[in-house]
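Below is one structure; the comments refer to it alone.
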């Protein structure tokens, strides 16, 4: 909730609904130390001219407001204010102009914003004949990583399940406030808020041994490493590992519109609704239900490991949700073909 004149260089000549394109907030006056620190846009005004609200009592919380009441923006109830002052602001007349309060979307670039994706590769230890058997999203120091589970490969595509472990991620460490020139990560912002949904499988005679995100046309895309294997002995060819990504046809971007329920509040089953190679654009939760306080979709932190642990022949990143639910960005995995599993009469592929 921002005062119109703070968004219009000190005047009230511009109505809230005209303020759609993101503009940098550090160029204008601040009404509060809880204001948007970054870019602000997609603004609207209350037809009744009044907003009642209180800030979250934790200034480091992911939500700026605990309670908002107006005809365009709603969240929670007064009981959630818990000692925070309940404020009420209204449109007023200044000369011939109506000075409005605007409900806007904030694209935060604050030092506490969680908007970074690691581009560092994550490898299984092929020196010890380890392959990838599972993946999950984890977040460390505001950076999102795709972590791998590794296990030793045995003959005929069996794995040593007792030795399976989540491999320590190669971390970027704590990002300093001035992080604009650091490499090894991608920063989502008001211009760059898309991600490729992608499913990749390795060539025949090889197994998955590495994953990473790369940037393609300014958008994060999945890349995988594969290593060739002798199925009979279960030995990886340590000198034969390659990276692959995928060229694909252009799809329409799946846009997360600004009217969606939080994924953990949706009552309908989710389903995969994107194609491999399709771009997905992040948005916010519903302004009239949640005050647009959350970026959607969420990232799914559940481990993705087959119940019967076997080597992986591929991996993907996809969106699952429904038409009115924010949904989740989730990893998917593909397992090695059954013909290679556990058979003494299987043919061994030479290196």
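Residue numbers (my numbering): 75 to 425.
Built from N, CA and C at the ideal position, the CB exists for glycine as well.
These numbers were taken from a predicted model, which means no experiment stands behind them.
Task: Limits of the alpha helix (DSSP H) - the one that residue 363 falls within - done: 361-364
Task: CA-to-CA distance, residue 203 to residue 101, given in whole angstroms - done: Because the pLDDT at residue 101 is just 43, under 50, the model does not fix this residue reliably, and the value given afterwards should be weighed accordingly. In a straight line, the C-alpha of residue 101 is about 55 Å away from that of residue 203.
- [ ] List the endpoints of the continuous beta strand (DSSP E) containing residue 281.
- [x] 280-290
Task: Cβ shell of residue 257 (< 7 Å), same chain only, five flanking positions each side left out - done: none
TODO: With DSSP as the reference, label residue 235 as helix, strand or coil.
DONE: helix
- [ ] Just mark residue 184 as buried or exposed, buried being the case when its beta carbon has 16 or more other beta carbons within 10 Å.
- [x] exposed
Task: Contained alpha helix (DSSP H) runs [length at least 4] in the stretch 188-223, N- to C-terminal order - done: none
Open item on the list: So, for residue 233: in the same chain, excluding its five sequence neighbours on each side, which residues have a beta-carbon less than 8 Å away from its beta-carbon?
Closed with: 205, 207, 225, 226, 227, 383, 384, 385
- [ ] Kindly identify the DSSP beta-bridge partner or partners of residue 91.
- [x] Note: residue 91 sits in no beta bridge, so no partner.
- [ ] List the DSSP bridge partners of residue 301.
- [x] Note: residue 301 sits in a beta bridge opposite 281, 315.
Task: Close Cβ partners of residue 240 (< 7 Å) along its chain, the five nearest in sequence each way excluded - done: 221, 223
Open item on the list: So the candidates are 158, 359, 313, 211; which of them puts its Cα closest to the Cα of residue 133?
Closed with: 158
Task: Boundaries of the alpha helix (DSSP H) in which residue 78 is found, first to last residue - done: First-last of the alpha helix (DSSP H) with residue 78: 78-81.
Task: Secondary structure of residue 268, DSSP reduced to three states - done: Residue 268: strand per DSSP, three-state reduction.
TODO: Give the C-beta separation of residue 390 and residue 265 to the nearest angstrom, bearing in mind that I take them to be a contact with Cβ-Cβ under 8 Å.
DONE: The pair is not a contact, with the Cβ atoms about 26 Å apart (cut-off 8 Å).
Task: residue 370, buried or exposed, once every other Cβ within 10 Å from all chains shown has been counted against 16 - done: buried
Task: residue 270 versus residue 162: straight-line alpha-carbon distance, rounded - done: 42 Å
Open item on the list: Which of the three DSSP states is assigned to residue 410 in this structure?
Closed with: coil
Task: Contacting residues, own chain, Cβ-Cβ under 6 Å from residue 375 (five flanking each side not counted) - done: 211
Open item on the list: Using a Cβ-Cβ cutoff of less than 6 Å, which residues in the same chain neighbour residue 380 once the five nearest sequence positions on both sides are dropped?
Closed with: 409
Task: residue 86 - DSSP class collapsed to helix/strand/coil - done: coil
Task: Alpha-carbon spacing of residue 88 relative to residue 138, whole angstroms - done: 25 Å
Task: residue 104 (DSSP reduced to helix, strand or coil) - done: Low confidence applies to residue 104: its pLDDT is 45, below 50, so where it sits in the model is not reliable enough to give any reading.
TODO: Rounded to whole angstroms, what's the CA-CA distance from residue 342 to residue 396? Just pull it up for me.
DONE: 8 Å
Open item on the list: Can you confirm whether the stretch 142-155 touches the stretch 354-370 when touching is taken to mean that 3 or more C-beta pairs between the two stretches lie within less than 8 Å?
Closed with: yes
Task: Whole-angstrom distance between residue 118 and residue 316, CA atom to CA atom - done: 51 Å
- [ ] For residue 140, count neighbouring Cβ atoms within 10 angstroms of its own Cβ and tell me buried if that reaches 16, exposed if not.
- [x] buried
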